[in-house]
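Colleague: Below are the structure tokens for one structure; questions will follow.
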Ligand SMILES: [Zn+2]
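In my numbering, the protein residues as written are 202 to 466.
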């Protein structure tokens, strides 16, 4: 019995010594592993080299004879060096010097987002299209309808940038006389347009190929409603006038825009 007890105690002592040895070996290995990490990443400056020297001591000194407090001191020294290097690096960054491999990404992201904001603003600032006329469901006459259509653009600001360009057109004038329209003054259809309205200076014009009720803006003349047809060619426009003198006066080449068309409804 005695010998068994002794054997057990002896074995426990041996096991304890082995475990202690293993623990010291692990600690030693860990502390030596920390060194290259500390030097290469966090301590690029020469001042840290001296701080690290104690941890970089020769391996023969890191024997089992080291006490816990000695190991703790080594770890403390290593951490202090680590912290000092980190602080020095931070101080360097604070001076405004930024290493090429540490170029911040944020400014680029900010620039992109600013461009997006500018794009959105440009889209928002696109010219507003001209107001669409509000017409009644039915009218007693075409004259009433064309007047209503014409008057619905009385508030238009004259901005042509958002308008559909019809072209650089040759404009002539016509009145209701026989030589212009082929109808004498006693003809019941005298002064009656192809759209069954009565010619009105400042409102009526004749265009082939555009729907009746199309609203034109002739730059230099004004707004006209397409009410009539004629013998014009190449999309030329005939503008109604009360006298031949007025017809001669406006004859010329003008930029023409479509303000509104019944085809858009
Ligand atoms: Zn005439």
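A virtual CB, placed ideally from N, CA and C, is assigned to each residue, including glycine.
Considering just the uninterrupted stretch of the alpha helix (DSSP H) at residue 340, what are its terminal residues?
Modeller: Per DSSP, residue 340 belongs to no alpha helix (DSSP H) and is neither H nor E.
Colleague: In three-state DSSP terms, what is residue 397?
Modeller: Residue 397: coil per DSSP, three-state reduction.
Colleague: Kindly list the residues whose CB is nearer than 8 Å to the CB of residue 410, restricted to its own chain and excluding five residues on each side of it in sequence; keep chain order.
Modeller: For residue 410, where only same-chain residues beyond five positions count, the Cβ hits under 8 Å are 436.
Colleague: I need the straight-line Cα distance from residue 384 to residue 378, nearest angstrom please.
Modeller: Each residue's Cα considered, the two are about 7 Å apart.
Colleague: Between the alpha carbons of residue 244 and residue 276, how many angstroms are there, rounded?
Modeller: Residue placement at residue 244 is poorly supported in this model, since its pLDDT is 46, which falls under 50; the coordinates still yield a value, given next. Those two C-alpha atoms are separated by around 16 Å.
Colleague: Let's test the definition: count the other Cβ atoms within 10 Å of the Cβ of residue 359 and tell me whether it reaches 16, buried, or not, exposed.
Modeller: That one is exposed.
Colleague: Measuring straight from C-alpha to C-alpha, what distance separates residue 374 and residue 351?
Modeller: So the alpha carbons of these two residues sit roughly 19 Å apart.
Colleague: Quick one: residues in its chain with C-beta nearer than 8 Å to the C-beta of residue 349, no 5 flanking neighbours on either side, listed in chain order?
Modeller: Within the same chain, residue 349 has close Cβ partners 334, 336, 337, 340.
Colleague: With a CB to CB cut of under 7 Å and the five nearest residues on each side skipped, what residues in its chain are close to residue 343?
Modeller: Closer than 7 Å at Cβ, skipping near neighbours: 396, 397, 398.
Colleague: Give me the pocket residues for ligand 1, defined as CB within less than 5 Å of any heavy atom, sorted by chain position.
Modeller: Any residue whose Cβ sits closer than 5 Å to a heavy atom of ligand 1 makes the list: 376, 378, 381.
Colleague: Applying the 10 Å Cβ sphere with the 16-neighbour rule, what's the burial state of residue 366?
Modeller: With fewer than 16 Cβ atoms within 10 Å of its Cβ, residue 366 is classed as exposed.
Colleague: State the Cα-Cα distance for the pair residue 354 and residue 332, rounded to the nearest angstrom.
Modeller: Roughly 8 Å between the two C-alpha positions.
Colleague: Is it buried or exposed for residue 280, if we count other Cβ within 10 angstroms and need 16 for buried?
Modeller: Flag for residue 280 reads exposed.
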